[in-house]
Amino acid sequence: MKFFTILLLLFNSGCYLNASITDSKDSNSKTIVENPADSSQPSAPIEKTCTDSFLPVNNLAASIVIGQVDFINNLANQGGAAGANTISGPDGVSILSNGQVYVGEFFNHRYLIFDKVPEVNNASADRVFGQPDFYTTTANTGGVSGLSLWTGRNVVWNGTQFFMADMINNRVLVWNSLPANTSVNPDYVLGQSSFNTNTNALGNSSLDSGYGAISVADNKLFVADTWSNHRVLIFDLPITASFQAASNVIGQPDFNSNMQRSTADGFDEPAHAISFNGKLIVADRYNNRVLIFNSIPTTPNAPADVVIGQVDKVSSLANQGGSVNRNTLFGPHSVAVDYAGRLYIADTENHRVLVFNSIPTTDNSMADYVIGQPNFTTNSANSGSTPTDKSLNRPTFVTYGFCHLAIADQMNNRVLLFK
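Just so you know, we're using numbering that gives the first Met the number 0 here: the sequence shown kicks off at 0 and counts up by one.
Here's what the structure looks like:
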(Lines of atoms letter the chains of each structure in order from A and count residues from 1; the text may use other names and numbers.)
(Lines give C-alpha, C1' and ligand atoms only; values in the text may rest on other atoms or scores of the structure.)
Protein backbone atom coordinates (compact mmCIF):
# COMPACT_ATOMS: atom_id res chain seq x y z
CA MET A 1 0.00 0.00 0.00
CA LYS A 2 1.17 3.53 -0.66
CA PHE A 3 -0.42 6.60 0.90
CA PHE A 4 -0.29 10.19 -0.24
CA THR A 5 -2.29 13.39 0.11
CA ILE A 6 -3.14 15.61 -2.83
CA LEU A 7 -5.34 18.60 -3.59
CA LEU A 8 -7.87 16.95 -5.88
CA LEU A 9 -9.62 19.24 -8.36
CA LEU A 10 -12.99 17.85 -9.35
CA PHE A 11 -13.36 20.79 -11.67
CA ASN A 12 -16.18 19.40 -13.74
CA SER A 13 -18.26 19.14 -10.57
CA GLY A 14 -16.96 22.46 -9.37
CA CYS A 15 -15.25 21.18 -6.25
CA TYR A 16 -11.96 22.00 -4.64
CA LEU A 17 -11.35 19.42 -1.94
CA ASN A 18 -8.57 18.00 0.13
CA ALA A 19 -8.35 14.31 -0.64
CA SER A 20 -6.36 11.61 1.09
CA ILE A 21 -5.94 8.70 -1.30
CA THR A 22 -4.85 5.16 -0.53
CA ASP A 23 -3.70 3.41 -3.69
CA SER A 24 -3.28 -0.37 -3.72
CA LYS A 25 -0.89 -1.92 -6.23
CA ASP A 26 -2.92 -5.12 -6.06
CA SER A 27 -6.28 -3.64 -7.07
CA ASN A 28 -7.86 -1.02 -9.27
CA SER A 29 -9.28 0.95 -6.36
CA LYS A 30 -8.54 4.22 -4.63
CA THR A 31 -9.99 5.32 -1.30
CA ILE A 32 -10.71 9.05 -1.24
CA VAL A 33 -11.50 10.97 1.92
CA GLU A 34 -13.30 14.07 0.65
CA ASN A 35 -13.03 17.17 2.83
CA PRO A 36 -14.80 20.28 1.49
CA ALA A 37 -12.47 23.23 1.84
CA ASP A 38 -15.13 25.30 3.58
CA SER A 39 -15.69 23.37 6.81
CA SER A 40 -18.55 25.67 7.79
CA GLN A 41 -20.75 23.98 5.22
CA PRO A 42 -23.08 21.16 6.29
CA SER A 43 -20.80 18.45 4.97
CA ALA A 44 -18.55 16.18 7.01
CA PRO A 45 -15.54 14.41 5.46
CA ILE A 46 -16.76 11.31 3.65
CA GLU A 47 -14.55 8.34 2.80
CA LYS A 48 -15.26 6.87 -0.61
CA THR A 49 -13.57 3.90 -2.24
CA CYS A 50 -13.46 4.62 -5.96
CA THR A 51 -12.87 1.57 -8.10
CA ASP A 52 -12.27 0.98 -11.77
CA SER A 53 -14.39 -2.17 -11.77
CA PHE A 54 -16.86 -0.57 -14.21
CA LEU A 55 -14.22 0.90 -16.47
CA PRO A 56 -12.79 0.55 -18.98
CA VAL A 57 -15.41 -1.27 -21.00
CA ASN A 58 -17.33 -0.51 -24.18
CA ASN A 59 -21.11 -0.16 -24.11
CA LEU A 60 -21.12 0.40 -20.35
CA ALA A 61 -24.39 -0.22 -18.48
CA ALA A 62 -25.66 2.43 -16.08
CA SER A 63 -26.24 1.56 -12.43
CA ILE A 64 -28.94 4.11 -11.53
CA VAL A 65 -31.43 6.26 -13.47
CA ILE A 66 -32.78 9.60 -12.26
CA GLY A 67 -36.00 10.94 -13.75
CA GLN A 68 -37.53 7.63 -14.84
CA VAL A 69 -38.94 4.59 -13.05
CA ASP A 70 -36.65 2.27 -15.03
CA PHE A 71 -34.22 2.20 -17.96
CA ILE A 72 -36.82 1.54 -20.67
CA ASN A 73 -39.10 4.56 -20.21
CA ASN A 74 -38.18 8.00 -21.49
CA LEU A 75 -41.23 10.31 -21.53
CA ALA A 76 -40.74 13.89 -20.35
CA ASN A 77 -41.94 14.19 -16.75
CA GLN A 78 -42.78 10.48 -16.97
CA GLY A 79 -45.71 11.34 -19.23
CA GLY A 80 -47.46 13.56 -16.69
CA ALA A 81 -46.97 16.69 -14.64
CA ALA A 82 -43.60 17.73 -13.27
CA GLY A 83 -42.68 16.43 -9.84
CA ALA A 84 -39.79 15.81 -7.49
CA ASN A 85 -38.85 12.63 -9.38
CA THR A 86 -39.37 13.77 -12.98
CA ILE A 87 -37.13 15.42 -15.57
CA SER A 88 -37.80 17.20 -18.85
CA GLY A 89 -34.83 17.76 -21.13
CA PRO A 90 -31.85 17.64 -18.76
CA ASP A 91 -29.05 19.90 -19.97
CA GLY A 92 -26.58 19.31 -17.19
CA VAL A 93 -25.69 17.42 -14.04
CA SER A 94 -23.24 18.29 -11.27
CA ILE A 95 -21.95 16.28 -8.31
CA LEU A 96 -20.46 18.23 -5.41
CA SER A 97 -17.84 17.01 -2.96
CA ASN A 98 -20.47 16.60 -0.22
CA GLY A 99 -22.44 14.21 -2.42
CA GLN A 100 -25.13 16.68 -3.49
CA VAL A 101 -26.38 16.26 -7.05
CA TYR A 102 -27.81 19.11 -9.13
CA VAL A 103 -29.75 18.35 -12.32
CA GLY A 104 -30.29 21.32 -14.65
CA GLU A 105 -33.44 21.08 -16.77
CA PHE A 106 -34.09 22.82 -20.09
CA PHE A 107 -37.89 22.61 -20.18
CA ASN A 108 -38.79 22.66 -16.48
CA HIS A 109 -36.54 25.70 -15.89
CA ARG A 110 -35.14 24.46 -12.62
CA TYR A 111 -32.41 22.61 -10.80
CA LEU A 112 -33.40 19.48 -8.94
CA ILE A 113 -31.21 19.07 -5.86
CA PHE A 114 -30.50 15.71 -4.26
CA ASP A 115 -28.78 15.88 -0.87
CA LYS A 116 -26.90 12.68 -1.62
CA VAL A 117 -26.13 10.67 -4.74
CA PRO A 118 -29.25 8.57 -5.46
CA GLU A 119 -28.85 4.86 -4.81
CA VAL A 120 -32.17 3.72 -6.31
CA ASN A 121 -33.99 4.41 -9.56
CA ASN A 122 -36.62 7.15 -9.69
CA ALA A 123 -35.37 8.94 -6.57
CA SER A 124 -37.16 12.12 -5.54
CA ALA A 125 -35.20 15.35 -5.23
CA ASP A 126 -34.95 16.98 -1.82
CA ARG A 127 -35.17 20.57 -3.05
CA VAL A 128 -35.72 22.62 -6.18
CA PHE A 129 -34.15 25.90 -7.31
CA GLY A 130 -35.81 28.20 -9.83
CA GLN A 131 -39.40 27.27 -9.01
CA PRO A 132 -41.61 27.78 -5.94
CA ASP A 133 -42.42 24.05 -5.88
CA PHE A 134 -41.80 20.81 -7.78
CA TYR A 135 -44.83 21.27 -10.04
CA THR A 136 -44.32 24.72 -11.57
CA THR A 137 -42.35 24.78 -14.84
CA THR A 138 -42.56 28.30 -16.30
CA ALA A 139 -39.42 30.26 -17.14
CA ASN A 140 -38.62 33.04 -14.64
CA THR A 141 -41.67 32.32 -12.52
CA GLY A 142 -42.72 35.59 -10.87
CA GLY A 143 -40.32 37.62 -13.01
CA VAL A 144 -36.54 37.79 -13.39
CA SER A 145 -34.91 37.80 -9.96
CA GLY A 146 -32.01 36.31 -8.06
CA LEU A 147 -34.07 33.19 -7.43
CA SER A 148 -35.58 32.75 -10.90
CA LEU A 149 -34.27 30.57 -13.70
CA TRP A 150 -34.56 30.23 -17.46
CA THR A 151 -32.99 26.84 -18.22
CA GLY A 152 -30.47 25.15 -15.95
CA ARG A 153 -27.11 23.78 -17.13
CA ASN A 154 -24.60 23.14 -14.35
CA VAL A 155 -23.30 24.38 -11.01
CA VAL A 156 -19.80 24.49 -9.54
CA TRP A 157 -18.40 24.97 -6.04
CA ASN A 158 -14.77 25.71 -5.21
CA GLY A 159 -15.22 25.10 -1.50
CA THR A 160 -16.04 28.74 -0.89
CA GLN A 161 -18.04 30.40 -3.63
CA PHE A 162 -20.90 28.61 -5.37
CA PHE A 163 -21.74 29.30 -9.03
CA MET A 164 -24.87 28.50 -11.04
CA ALA A 165 -25.30 28.77 -14.82
CA ASP A 166 -28.62 30.38 -15.78
CA MET A 167 -28.35 29.95 -19.52
CA ILE A 168 -31.07 31.88 -21.33
CA ASN A 169 -31.01 34.61 -18.68
CA ASN A 170 -27.42 35.12 -19.91
CA ARG A 171 -25.90 35.09 -16.45
CA VAL A 172 -24.04 33.21 -13.75
CA LEU A 173 -25.38 33.47 -10.20
CA VAL A 174 -22.77 33.60 -7.41
CA TRP A 175 -23.09 32.83 -3.70
CA ASN A 176 -20.25 33.48 -1.24
CA SER A 177 -20.94 30.09 0.34
CA LEU A 178 -22.88 26.98 -0.53
CA PRO A 179 -26.53 28.00 0.05
CA ALA A 180 -28.18 26.09 2.88
CA ASN A 181 -31.57 26.27 1.15
CA THR A 182 -33.11 27.49 -2.10
CA SER A 183 -34.47 30.71 -0.59
CA VAL A 184 -31.00 32.17 -0.04
CA ASN A 185 -30.45 34.98 -2.53
CA PRO A 186 -27.19 35.03 -4.48
CA ASP A 187 -24.57 37.61 -3.55
CA TYR A 188 -23.52 38.54 -7.09
CA VAL A 189 -24.51 38.07 -10.70
CA LEU A 190 -22.14 37.85 -13.68
CA GLY A 191 -23.24 38.85 -17.17
CA GLN A 192 -25.89 41.29 -15.94
CA SER A 193 -25.88 44.64 -14.16
CA SER A 194 -28.64 43.51 -11.78
CA PHE A 195 -30.64 40.45 -10.74
CA ASN A 196 -33.67 41.77 -12.61
CA THR A 197 -32.20 41.92 -16.14
CA ASN A 198 -31.37 39.18 -18.64
CA THR A 199 -30.19 40.95 -21.80
CA ASN A 200 -27.61 39.38 -24.09
CA ALA A 201 -24.66 41.55 -25.05
CA LEU A 202 -20.97 41.67 -25.97
CA GLY A 203 -18.15 43.07 -23.84
CA ASN A 204 -15.95 42.08 -20.91
CA SER A 205 -18.87 41.97 -18.43
CA SER A 206 -21.70 40.67 -20.62
CA LEU A 207 -22.85 37.26 -21.82
CA ASP A 208 -24.88 35.66 -24.58
CA SER A 209 -24.41 32.29 -22.96
CA GLY A 210 -27.35 30.40 -24.39
CA TYR A 211 -25.89 26.94 -24.01
CA GLY A 212 -22.81 27.77 -22.02
CA ALA A 213 -21.59 25.75 -19.04
CA ILE A 214 -19.21 26.81 -16.29
CA SER A 215 -16.27 25.34 -14.37
CA VAL A 216 -13.74 26.40 -11.76
CA ALA A 217 -10.07 25.50 -11.31
CA ASP A 218 -6.72 27.20 -10.80
CA ASN A 219 -8.47 30.10 -9.01
CA LYS A 220 -10.37 30.88 -12.22
CA LEU A 221 -13.98 30.67 -13.35
CA PHE A 222 -14.43 29.54 -16.96
CA VAL A 223 -17.67 30.53 -18.69
CA ALA A 224 -18.58 29.24 -22.15
CA ASP A 225 -20.23 32.28 -23.76
CA THR A 226 -21.88 30.30 -26.47
CA TRP A 227 -24.60 31.52 -28.77
CA SER A 228 -23.51 34.62 -30.65
CA ASN A 229 -20.32 35.52 -28.79
CA HIS A 230 -18.35 32.34 -29.66
CA ARG A 231 -15.86 32.63 -26.82
CA VAL A 232 -14.79 31.44 -23.39
CA LEU A 233 -14.46 34.06 -20.67
CA ILE A 234 -12.04 33.68 -17.75
CA PHE A 235 -12.81 35.41 -14.45
CA ASP A 236 -10.34 35.76 -11.60
CA LEU A 237 -11.61 34.45 -8.27
CA PRO A 238 -13.02 35.36 -5.87
CA ILE A 239 -15.90 37.22 -7.46
CA THR A 240 -16.32 40.44 -5.47
CA ALA A 241 -18.97 42.38 -7.39
CA SER A 242 -21.88 41.93 -9.75
CA PHE A 243 -21.17 42.58 -13.44
CA GLN A 244 -17.49 41.91 -12.73
CA ALA A 245 -15.31 42.05 -15.84
CA ALA A 246 -13.56 38.97 -17.17
CA SER A 247 -9.77 38.97 -17.05
CA ASN A 248 -9.27 37.20 -20.39
CA VAL A 249 -11.12 35.94 -23.45
CA ILE A 250 -10.37 32.85 -25.54
CA GLY A 251 -11.65 32.42 -29.08
CA GLN A 252 -11.63 36.13 -29.93
CA PRO A 253 -8.92 38.78 -30.39
CA ASP A 254 -10.65 41.09 -27.88
CA PHE A 255 -13.77 41.46 -25.75
CA ASN A 256 -15.69 43.26 -28.49
CA SER A 257 -15.37 40.64 -31.25
CA ASN A 258 -17.68 37.68 -31.79
CA MET A 259 -16.55 35.93 -34.97
CA GLN A 260 -17.36 32.30 -35.77
CA ARG A 261 -14.09 30.65 -36.73
CA SER A 262 -12.74 27.17 -37.39
CA THR A 263 -9.14 28.00 -36.57
CA ALA A 264 -6.71 27.10 -33.81
CA ASP A 265 -7.68 30.27 -31.97
CA GLY A 266 -11.41 30.37 -32.77
CA PHE A 267 -14.70 28.75 -31.78
CA ASP A 268 -18.17 28.15 -33.15
CA GLU A 269 -20.47 28.04 -30.11
CA PRO A 270 -18.18 26.57 -27.44
CA ALA A 271 -20.42 24.76 -24.96
CA HIS A 272 -18.12 23.85 -22.06
CA ALA A 273 -14.58 24.55 -20.86
CA ILE A 274 -12.70 22.84 -18.03
CA SER A 275 -9.18 22.90 -16.64
CA PHE A 276 -7.19 19.87 -15.53
CA ASN A 277 -3.52 19.76 -14.50
CA GLY A 278 -2.97 23.20 -15.98
CA LYS A 279 -4.57 22.36 -19.33
CA LEU A 280 -7.73 23.94 -20.69
CA ILE A 281 -10.15 21.65 -22.56
CA VAL A 282 -13.00 23.17 -24.61
CA ALA A 283 -15.97 21.47 -26.29
CA ASP A 284 -16.30 23.46 -29.54
CA ARG A 285 -19.64 22.06 -30.58
CA TYR A 286 -20.37 23.44 -34.07
CA ASN A 287 -16.78 22.95 -35.17
CA ASN A 288 -17.35 19.32 -34.14
CA ARG A 289 -14.20 19.15 -32.10
CA VAL A 290 -12.58 19.49 -28.69
CA LEU A 291 -9.62 21.83 -28.34
CA ILE A 292 -6.85 21.38 -25.77
CA PHE A 293 -4.63 24.23 -24.59
CA ASN A 294 -1.51 22.94 -22.83
CA SER A 295 -1.59 25.90 -20.46
CA ILE A 296 -4.28 28.34 -19.37
CA PRO A 297 -4.19 31.22 -21.87
CA THR A 298 -3.21 34.58 -20.37
CA THR A 299 -3.85 36.68 -23.48
CA PRO A 300 -6.74 36.85 -25.96
CA ASN A 301 -6.81 34.79 -29.14
CA ALA A 302 -4.46 32.10 -27.84
CA PRO A 303 -4.17 29.09 -30.22
CA ALA A 304 -4.96 25.56 -29.09
CA ASP A 305 -2.22 22.93 -29.05
CA VAL A 306 -4.27 19.79 -29.74
CA VAL A 307 -7.55 19.04 -31.51
CA ILE A 308 -9.80 16.00 -31.00
CA GLY A 309 -12.38 15.11 -33.63
CA GLN A 310 -10.63 16.67 -36.63
CA VAL A 311 -7.46 15.92 -38.59
CA ASP A 312 -6.28 19.51 -38.18
CA LYS A 313 -7.24 22.78 -36.51
CA VAL A 314 -9.02 24.31 -39.51
CA SER A 315 -11.42 21.48 -40.36
CA SER A 316 -14.91 21.49 -38.88
CA LEU A 317 -17.18 18.96 -40.61
CA ALA A 318 -19.28 16.62 -38.49
CA ASN A 319 -17.63 13.20 -38.30
CA GLN A 320 -14.89 14.63 -40.54
CA GLY A 321 -17.33 14.68 -43.45
CA GLY A 322 -17.77 10.91 -43.42
CA SER A 323 -18.95 8.10 -41.21
CA VAL A 324 -18.78 8.06 -37.44
CA ASN A 325 -15.68 6.45 -35.93
CA ARG A 326 -13.48 6.47 -32.85
CA ASN A 327 -11.74 9.71 -33.91
CA THR A 328 -14.80 11.73 -35.02
CA LEU A 329 -17.24 14.05 -33.26
CA PHE A 330 -20.65 15.53 -34.02
CA GLY A 331 -21.69 18.47 -31.86
CA PRO A 332 -19.83 17.79 -28.58
CA HIS A 333 -21.51 19.61 -25.69
CA SER A 334 -19.42 18.74 -22.63
CA VAL A 335 -16.12 17.34 -21.38
CA ALA A 336 -14.98 15.83 -18.08
CA VAL A 337 -11.94 14.19 -16.51
CA ASP A 338 -12.09 11.64 -13.68
CA TYR A 339 -9.65 11.09 -10.79
CA ALA A 340 -7.61 8.67 -12.94
CA GLY A 341 -7.11 11.28 -15.66
CA ARG A 342 -9.51 9.75 -18.19
CA LEU A 343 -11.15 12.22 -20.56
CA TYR A 344 -14.87 11.95 -21.36
CA ILE A 345 -16.54 13.76 -24.26
CA ALA A 346 -20.32 14.05 -24.58
CA ASP A 347 -20.52 13.47 -28.35
CA THR A 348 -24.10 14.68 -28.40
CA GLU A 349 -25.35 14.21 -31.95
CA ASN A 350 -23.60 10.84 -32.22
CA HIS A 351 -25.59 9.78 -29.14
CA ARG A 352 -22.54 8.60 -27.25
CA VAL A 353 -19.80 9.48 -24.79
CA LEU A 354 -16.21 8.87 -25.89
CA VAL A 355 -13.62 7.84 -23.31
CA PHE A 356 -9.86 8.43 -23.62
CA ASN A 357 -7.52 6.74 -21.13
CA SER A 358 -5.58 10.00 -20.89
CA ILE A 359 -5.81 13.50 -22.30
CA PRO A 360 -4.57 13.30 -25.91
CA THR A 361 -1.34 15.04 -26.86
CA THR A 362 -1.65 14.66 -30.64
CA ASP A 363 -4.30 15.75 -33.13
CA ASN A 364 -7.03 13.37 -34.30
CA SER A 365 -6.47 10.87 -31.48
CA MET A 366 -8.56 7.72 -31.23
CA ALA A 367 -10.91 7.13 -28.31
CA ASP A 368 -10.32 4.02 -26.23
CA TYR A 369 -13.93 3.29 -25.27
CA VAL A 370 -17.48 4.33 -26.08
CA ILE A 371 -20.58 4.63 -23.89
CA GLY A 372 -24.05 4.69 -25.43
CA GLN A 373 -23.26 2.67 -28.55
CA PRO A 374 -22.30 -0.98 -29.08
CA ASN A 375 -19.24 0.08 -31.12
CA PHE A 376 -17.45 3.10 -32.59
CA THR A 377 -19.17 2.97 -35.99
CA THR A 378 -22.83 3.30 -34.97
CA ASN A 379 -24.53 6.52 -33.92
CA SER A 380 -28.30 6.03 -33.84
CA ALA A 381 -30.32 7.39 -30.93
CA ASN A 382 -30.79 4.59 -28.40
CA SER A 383 -28.76 2.40 -30.77
CA GLY A 384 -31.70 2.42 -33.18
CA SER A 385 -34.09 0.90 -30.66
CA THR A 386 -35.83 1.72 -27.39
CA PRO A 387 -34.00 3.04 -24.32
CA THR A 388 -31.90 0.68 -22.20
CA ASP A 389 -29.32 1.01 -19.45
CA LYS A 390 -26.66 1.14 -22.19
CA SER A 391 -28.22 3.59 -24.66
CA LEU A 392 -28.22 7.38 -25.04
CA ASN A 393 -30.30 9.95 -26.91
CA ARG A 394 -28.48 13.30 -27.14
CA PRO A 395 -26.21 13.23 -24.10
CA THR A 396 -25.68 16.91 -23.34
CA PHE A 397 -23.47 16.74 -20.26
CA VAL A 398 -20.98 14.40 -18.65
CA THR A 399 -19.34 14.83 -15.26
CA TYR A 400 -17.44 12.87 -12.64
CA GLY A 401 -17.67 13.29 -8.88
CA PHE A 402 -18.04 11.39 -5.64
CA CYS A 403 -16.88 8.20 -7.38
CA HIS A 404 -19.70 8.41 -9.93
CA LEU A 405 -19.82 9.14 -13.64
CA ALA A 406 -23.03 10.99 -14.53
CA ILE A 407 -24.53 11.66 -17.97
CA ALA A 408 -27.44 13.98 -18.76
CA ASP A 409 -29.35 11.96 -21.36
CA GLN A 410 -31.48 14.78 -22.71
CA MET A 411 -34.02 13.25 -25.09
CA ASN A 412 -34.49 10.25 -22.83
CA ASN A 413 -35.41 12.75 -20.10
CA ARG A 414 -33.11 11.16 -17.56
CA VAL A 415 -29.73 11.25 -15.87
CA LEU A 416 -27.66 8.07 -15.82
CA LEU A 417 -25.25 7.24 -13.00
CA PHE A 418 -22.35 4.80 -13.37
CA LYS A 419 -20.42 3.50 -10.37
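All C-beta atoms, glycine included, are put in the ideal place defined by N, C-alpha and C. None of these values were measured; they are calculated from a predicted model.
* Alpha carbon to alpha carbon, how far is ALA80 from TRP149? Give it in angstroms, no decimals. => Residue numbering aside, residue 149 sits at position 150 when the sequence shown is read from its first letter. Residue numbering aside, residue 80 sits at position 81 when the sequence shown is read from its first letter. Between TRP149 and ALA80, the C-alpha separation is close to 19 Å.
* Reducing DSSP to helix, strand and coil, say where GLY151 ends up. => What you label residue 151 is simply residue 152 of the sequence shown in a count that begins at 1. Of the three classes helix, strand and coil, the one that applies to GLY151 here is strand, per DSSP.
* To do: Would you kindly check if the distance between the Cβ of PRO89 and the Cβ of VAL102 is under 8 Å?
  => Residue numbering aside, residue 102 sits at position 103 when the sequence shown is read from its first letter. Residue numbering aside, residue 89 sits at position 90 when the sequence shown is read from its first letter. Contact flag set, yes.
* Contact belief for ILE358 with ILE273 at Cβ below 8 Å, rounded distance in angstroms -> Taking the first residue of the sequence shown as 1, we reach residue 358 at position 359. Taking the first residue of the sequence shown as 1, we reach residue 273 at position 274. Incorrect: roughly 11 Å between the Cβ atoms, too far for contact.
* Please list, in chain order, all residues of the same chain as PHE194 whose beta carbon is under 7 Å from its beta carbon, the five residues on each side excluded. => Locating residue 194 in the sequence shown gives position 195, where the first residue counts as 1. Contacts found: SER144, GLY145 and VAL188.
* Pick helix, strand or coil for MET410, following the three-state DSSP scheme. => To locate residue 410, count along the sequence shown from 1; it is residue 411. In this structure, MET410 counts as helix in the three-state DSSP scheme.
* Quick one: Cα of ILE175 to Cα of ASN184, how far? -> For the purposes of this step, residue 175 is identified with residue 176 of the sequence shown, where counting begins at 1. For the purposes of this step, residue 184 is identified with residue 185 of the sequence shown, where counting begins at 1. It should be pointed out that residue 175 corresponds to Asn in this sequence rather than to Ile. ASN175 and ASN184: Cα-Cα distance of roughly 10 Å.
* Enumerate, from N- to C-terminal direction, the unbroken beta strand (DSSP E) stretches of 3 or more residues contained entirely within the region 81–152. => 89–94, 100–104, 109–113 and 126–128
* To do: Could you check the C-alpha separation between ARG260 and ASP125 for me, to the nearest Å?
  => The residue you call residue 260 lines up with position 261 of the sequence shown. The residue you call residue 125 lines up with position 126 of the sequence shown. Their backbone Cα atoms lie some 43 Å apart in a straight line.
* To do: Please report how far the alpha carbon of PHE266 lies from the alpha carbon of ALA223, in whole angstroms.
  => In the sequence shown, residue 266 corresponds to position 267, counting from 1. In the sequence shown, residue 223 corresponds to position 224, counting from 1. Roughly 10 Å between the two C-alpha positions.
* If we cut at 8 Å on Cβ distances, does PHE417 have a partner in chain B? -> Of the protein chains in this structure there is only one, and it is not chain B.
* Coil, strand or helix - THR395 by DSSP -> Position 396 of the sequence shown, counting from 1, holds the residue named residue 395. If DSSP states are grouped into helix, strand and coil, THR395 belongs with the strands.
* **Sub-8 Å separation of ALA244 and ASN203 beta-carbons** => Residue 244 sits at position 245 when you count from the first residue of the sequence shown. Residue 203 sits at position 204 when you count from the first residue of the sequence shown. Yes. Within cutoff.
* TYR187 bridges to which residues according to DSSP? -> In the sequence shown, residue 187 corresponds to position 188, counting from 1. Paired residue(s): VAL173.
* With MET163 as the anchor, note down where its beta strand (DSSP E) starts and where it stops. => If you number the sequence shown from 1, residue 163 lands on position 164. Element bounds for MET163: 161–165.
* Asked: How is SER214 classed by DSSP in three states: helix, strand or coil?
  -> Looking up residue 214 in the sequence shown gives position 215. Of the three classes helix, strand and coil, the one that applies to SER214 here is strand, per DSSP.
* **Cutoff 7 Å; reference ASP186; Cβ partners in own chain excluding five residues on either side** => Position 187 of the sequence shown holds residue 186. The residues are VAL173, TRP174 and ASN175.
* To do: Would you mind listing the alpha helix (DSSP H) stretches within the region 343–382 that are 4+ residues and don't spill past its ends, in chain order?
  => none
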